[in-house]
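Working notes, structure below.
2 protein chains.
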Amino acid sequence: MTYCVGLRIDRGLVFVSDTRTNAGVDDVAIFKKMHCWTRPGERVLVLLSAGNLATTQAVVSLLNERTKAPEERSATMLEVPSLYQAAKLVGDTVKEVIRQTAPEGQNADAFGASFILGGQIKGMEPRLFLIYPEGNFIEAGDDTPFFQIGETKYGKPILVRAHDAKMSFEETVKLLLVSFDSTLKSNLSVGMPLDLIFYERDTYAVSLERRIEADDPYFKAISDGWSSALKDAFRSLPDFSA
Amino acid sequence: MTYCVGLRIDRGLVFVSDTRTNAGVDDVAIFKKMHCWTRPGERVLVLLSAGNLATTQAVVSLLNERTKAPEERSATMLEVPSLYQAAKLVGDTVKEVIRQTAPEGQNADAFGASFILGGQIKGMEPRLFLIYPEGNFIEAGDDTPFFQIGETKYGKPILVRAHDAKMSFEETVKLLLVSFDSTLKSNLSVGMPLDLIFYERDTYAVSLERRIEADDPYFKAISDGWSSALKDAFRSLPDFSA
Numbered sequence: 001m002t003y004c005v006g007l008r009i010d011r012g013l014v015f016v017s018d019t020r021t022n023a024g025v026d027d028v029a030i031f032k033k034m035h036c037w038t039r040p041g042e043r044v045l046v047l048l049s050a051g052n053l054a055t056t057q058a059v060v061s062l063l064n065e066r067t068k069a070p071e072e073r074s075a076t077m078l079e080v081p082s083l084y085q086a087a088k089l090v091g092d093t094v095k096e097v098i099r100q101t102a103p104e105g106q107n108a109d110a111f112g113a114s115f116i117l118g119g120q121i122k123g124m125e126p127r128l129f130l131i132y133p134e135g136n137f138i139e140a141g142d143d144t145p146f147f148q149i150g151e152t153k154y155g156k157p158i159l160v161r162a163h164d165a166k167m168s169f170e171e172t173v174k175l176l177l178v179s180f181d182s183t184l185k186s187n188l189s190v191g192m193p194l195d196l197i198f199y200e201r202d203t204y205a206v207s208l209e210r211r212i213e214a215d216d217p218y219f220k221a222i223s224d225g226w227s228s229a230l231k232d233a234f235r236s237l238p239d240f241s242a
Numbered sequence: 243m244t245y246c247v248g249l250r251i252d253r254g255l256v257f258v259s260d261t262r263t264n265a266g267v268d269d270v271a272i273f274k275k276m277h278c279w280t281r282p283g284e285r286v287l288v289l290l291s292a293g294n295l296a297t298t299q300a301v302v303s304l305l306n307e308r309t310k311a312p313e314e315r316s317a318t319m320l321e322v323p324s325l326y327q328a329a330k331l332v333g334d335t336v337k338e339v340i341r342q343t344a345p346e347g348q349n350a351d352a353f354g355a356s357f358i359l360g361g362q363i364k365g366m367e368p369r370l371f372l373i374y375p376e377g378n379f380i381e382a383g384d385d386t387p388f389f390q391i392g393e394t395k396y397g398k399p400i401l402v403r404a405h406d407a408k409m410s411f412e413e414t415v416k417l418l419l420v421s422f423d424s425t426l427k428s429n430l431s432v433g434m435p436l437d438l439i440f441y442e443r444d445t446y447a448v449s450l451e452r453r454i455e456a457d458d459p460y461f462k463a464i465s466d467g468w469s470s471a472l473k474d475a476f477r478s479l480p481d482f483s484a
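These protein sequences, in sequence, are chains A and B. So that you can map any letter, position 46 of the first sequence is 46 in our numbering, and since no number is skipped, the others follow by simple counting. Convert by adding 242 to the 1-based position in the second sequence; the result is the number in our numbering.
So this is what it looks like as structure tokens:
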């Protein structure tokens with residue numbers, strides 16, 4: 001499993017992904033699930049991936065190969081004219097990979113992968129997409145300004161309750177780390193370290209990129225603090241009386 | 243979907259179940275998922291069910307039919323000598339129902355159902371079991387003194403963090419209602435009203451049985467209070483600094 005979140009705030013976009021992959025509990029490894037394409041001053045695109053690792057790596061390889069040999073390719077992540085076209089490129093690529101892997105017909109269950117794509121291209125607004133294994137995609141709006149992929153359930157309630165578009169970047173990272181902490185505590189297939197990217201709107205450069213290790217002092221403060229804050233919150237409610 | 247929890251505390255056993263069944267979002271209904279067998283002064287057994295409604299109703303019908311015509315039946319919920327035998331009876335019955343429904347072999351995916359069974363029979367300790375669609379079962383211990391069936395993920399983190407065997411009954415109901423509130427807010431297929439039973443150890447009678455409607459004042463106090471307590475808890479944590 002995997003847990004990745006992309007979240008839109010007024011100030012920009014924040015992305016966090018875990019790094020654990022597993023093919024059974026006795027076959028775990030660390031792989032980066034966050035990929036970034038930048039042309040400074042013109043565009044930043046961030047891709048988070050969940051699902052079959054062979055599929056997601058093939059998709060990213062194909063996207064990168066296209067980046068490397070532009071004269072032989074018609075579309076690349078650095079050349080697509082819009083975020084919409086970038087989402088379509090990722091969707092077409094994942095469909096192509098799954099079709100090649102399962103030649104008898106697309107088998108999204110076994111080889112499936114989903115993606116969160118966000119970023120900004122000069123002259124346009126920051127945008128955030130969720131791309132399905134079938135290759136189609138949806139865009140985040142004001143009512144639901146975040147997407148989750150992988151193990152989404154444990155970390156969702158706090159996102160729904162505490163998200164606010166006017167949040168600072170610093171509060172947003174706190175919110176995402178609380179959401180990740182709940183997920184990490186409940187599902188062994190989601191694991192540290194985490195990767196974090198903050199993109200501030202209209203800068204066309206990554207504002208902050210950070211790997212958060214298991215012993216990161218801020219992450220430990222959030223993880224321990226959230227446990228005791230939750231218990232205090234629970235204690236503050238009135239007991240049942242029959 | 244469904245959400246049911248059975249939880250063991252030092253004082254006894256507490257059970258809560260939702261009542262929503264659905265065969266698609268346009269085909270929802272209210273059915274009780276909590277069944278109770280009592281022989282006052284000698285035994286109390288409570289059964290919570292999740293899964294295919296035809297299967298769970300058939301299981302309860304078979305268990306009740308056996309109760310009604312004991313001279314033709316070898317085992318009944320009111321006659322089994324132990325909770326272990328009661329769990330085995332439920333397990334055998336669900337296997338039998340699934341076998342009859344899917345004659346080509348047991349298809350637990352389509353017709354599956356799982357159960358939480360708890361109670362006490364005179365001379366023995368209160369016990370709590372989780373019964374799988376395959377008919378086998380496990381018993382709650384001191385380390386994991388609760389079982390959930392149905393949509394278990396949203397409501398699990400608070401149970402894990404706040405449970406304490408020394409809790410009063412009144413605190414336990416508060417904990418279970420917080421867990422149900424998180425689940426109700428996140429999964430439309432879990433719905434009000436809720437059914438609640440408290441069994442106090444060594445009484446061999448149901449101490450409290452209550453249906454909690456959507457407009458129940460205590461449930462509303464918990465639901466509203468938990469939202470704001472969570473937000474306060476979140477605000478109390480330090481913001482990230484890059």
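We treat Cβ as the ideally placed atom computed from N, Cα and C, and that holds for glycine.
*In the structure shown, what three-state DSSP assignment does A/Phe169 receive?*
When secondary structure is reduced to three states using DSSP, A/Phe169 falls in the helix class.
*Segment contact, 8 angstroms Cβ cut-off, at least three pairs: the stretch 32-41 of chain A with the stretch 176-188 of chain A*: Touching, no.
*Are B/Thr297 and B/Gly433 touching if we call contact CB-CB under 8 angstroms?*
No, they are not a contact pair.
*With 8 angstroms as the threshold, decide whether the Cβ of B/Leu479 is near any Cβ in chain A.*
At least one chain A Cβ lies under 8 angstroms of B/Leu479.
*Minimum Cβ-Cβ distance from A/Val97 to chain B less than 8 angstroms*: So, not an interface residue.
*B/Arg253 versus chain A: which residues are under 9 angstroms apart at the beta carbon?*
Within 9 angstroms of the CB of B/Arg253, no CB atom of chain A is found; the nearest one sits about 13 angstroms away.
*With DSSP as the reference, please indicate the residues paired to A/Arg8 in a beta bridge.*
BP columns for A/Arg8 point to A/Leu13.
_Rounded to the nearest angstrom, what separates A/Arg43 and A/Ala87 at their Cα positions?_
A/Arg43 and A/Ala87: Cα-Cα distance of roughly 14 angstroms.
*Kindly indicate which residue of A/Asp27, A/Ile9, A/Met167 has the alpha-carbon position closest to the one of A/Gly118.*
With distances taken between Cα atoms, A/Gly118 lies closest to A/Ile9.
*Is the beta carbon of A/Leu175 sitting closer than 8 angstroms to the one on A/Ala165?*
No, they are not a contact pair.
*Would you say A/Lys122 and A/Tyr204 are within 8 angstroms of each other, going by their C-beta atoms?*
Yes, the pair counts as a contact, with Cβ atoms nearer than the cut-off.
_Checking the sheet assignment: what are the DSSP bridge partners for A/Glu139?_
According to DSSP, which records beta bridges pairwise, A/Glu139 is partnered with A/Phe129.
*From which residue to which residue does the beta strand (DSSP E) around B/Thr280 run?*
Counting along the chain, the beta strand (DSSP E) containing B/Thr280 begins and ends at 276-281.
*Taking 7 angstroms as the line, does the beta carbon of A/Arg11 fall inside it for any heavy atom of the ligand COA?*
Here there are no bound small molecules, and the ligand COA is not part of this structure.
*Report yes or no: do three or more beta-carbon pairs, one from the stretch 352-359 of chain B and one from the stretch 368-379 of chain B, lie closer than 8 angstroms?*
The stretch 352-359 of chain B makes contact with the stretch 368-379 of chain B; the number of CB pairs closer than 8 angstroms reaches 3 or more.
*Where the alpha helix (DSSP H) through A/Ala114 begins and ends*: The residue you asked about is not Ala; residue 114 of chain A is Ser in the sequence shown. Taken as a continuous stretch (DSSP letters only), A/Ser114 belongs to no alpha helix (DSSP H), being part of the beta strand (DSSP E) at 113-121.
*Within the 8 angstroms Cβ cut-off, does B/Gly467 reach chain A?*
True, the Cβ-Cβ gap to chain A drops below 8 angstroms.
_Interface partners of B/Tyr460 on chain E, CB under 9 angstroms_ = No chain E appears in this structure, whose protein chains are A and B.
*With 8 angstroms as the threshold, decide whether the Cβ of A/Tyr154 is near any Cβ in chain B.*
In terms of beta-carbon proximity, A/Tyr154 lines the interface with chain B, with at least one pair separated by less than 8 angstroms.
*Ignore the nearest five residues each way along the sequence and tell me which others in B/Pro387's own chain have a CB closer than 8 angstroms to its CB.*
Only Leu249, Arg250, Ile251, Leu370, His405, Ala407 meet the Cβ criterion.
*Exposed or buried, A/Met124, counting other C-beta atoms within 10 Å across all chains shown (16 or more means buried)?*
Within 10 angstroms of the beta-carbon of A/Met124 lie fewer than 16 other beta-carbons, which makes it exposed.
*From the DSSP output, in three-state form, read off B/Val448 for me.*
In the three-state scheme derived from DSSP, where H, G and I count as helix and E and B as strand, B/Val448 is classed as coil.
*Opposite A/Gln57 in the DSSP bridges: which residues?*
DSSP, once it has assigned bridges, lists no residue as partnering A/Gln57.
*Anyone know if the C-beta pair for B/Leu290 and B/Phe257 falls short of 8 angstroms?*
Yes, Cβ-Cβ distance for B/Leu290 and B/Phe257 is below 8 angstroms.
*Could you tell me which of A/Phe31, A/Leu78, A/Trp226, A/Phe234 sits nearest to B/Arg477, measuring between CA atoms?*
The candidate whose alpha carbon is nearest that of B/Arg477 is A/Trp226.
_Taking only three categories from DSSP, how would you classify A/Ser49?_
Note: A/Ser49 maps to strand in three-state DSSP.
*asked:* Would you say A/Tyr50 lies against chain B (beta-carbon separation less than 8 angstroms)?
replied: Per the sequence shown, residue 50 of chain A should be read as Ala rather than Tyr. False, the Cβ-Cβ gap to chain B never drops below 8 angstroms.
*When A/Leu188, A/Ser179, A/Val173 are compared against A/Lys196, the one with the closest alpha-carbon*: In the sequence on display, residue 196 of chain A carries Leu and not Lys. Closest by alpha carbon: A/Val173.
_Spatial neighbours of A/Ile212 in its chain, beta-carbon cut-off 7 angstroms, leaving aside the 5 residues before and after_ = Closer than 7 angstroms at the Cβ level, and outside the excluded window around A/Ile212, lie Pro193, Leu194, Leu196, Phe219.
*Return the Cβ separation of B/Ser483 and A/Glu171 in integer angstroms, given the expectation that the two are a contact with Cβ distance under 8 angstroms.*
For B/Ser483 against A/Glu171, the beta-carbon gap comes to about 11 angstroms, at or over 8 angstroms, which does not count as contact.
*Does A/Ile138 get closer than 8 angstroms to chain B when you measure Cβ to Cβ?*
By this cut-off, A/Ile138 is not an interface position.
*Taking the alpha helix (DSSP H) that B/Gly467 falls in, what are its first and last residues?*
In the DSSP assignment, B/Gly467 falls within the alpha helix (DSSP H) that extends over 459-478.
*asked:* Can you pull the chain A neighbours of B/Lys473, defined as C-beta to C-beta under 8 angstroms?
replied: Chain A residues near B/Lys473: Arg161, Ala162.
*Below 7 angstroms between beta carbons is the criterion; list the residues of the stretch 200-219 of chain A that meet it against any residue of chain B, in chain order.*
Of all residues in the stretch 200-219 of chain A, the ones placed with a Cβ closer than 7 angstroms to any Cβ belonging to chain B are Leu208, Tyr218, in chain order.
_Residue range of the unbroken alpha helix (DSSP H) whose run includes B/Ala521_ = Lying outside 243 to 484, the shown extent of chain B, residue 521 of chain B is not represented and no answer is given.
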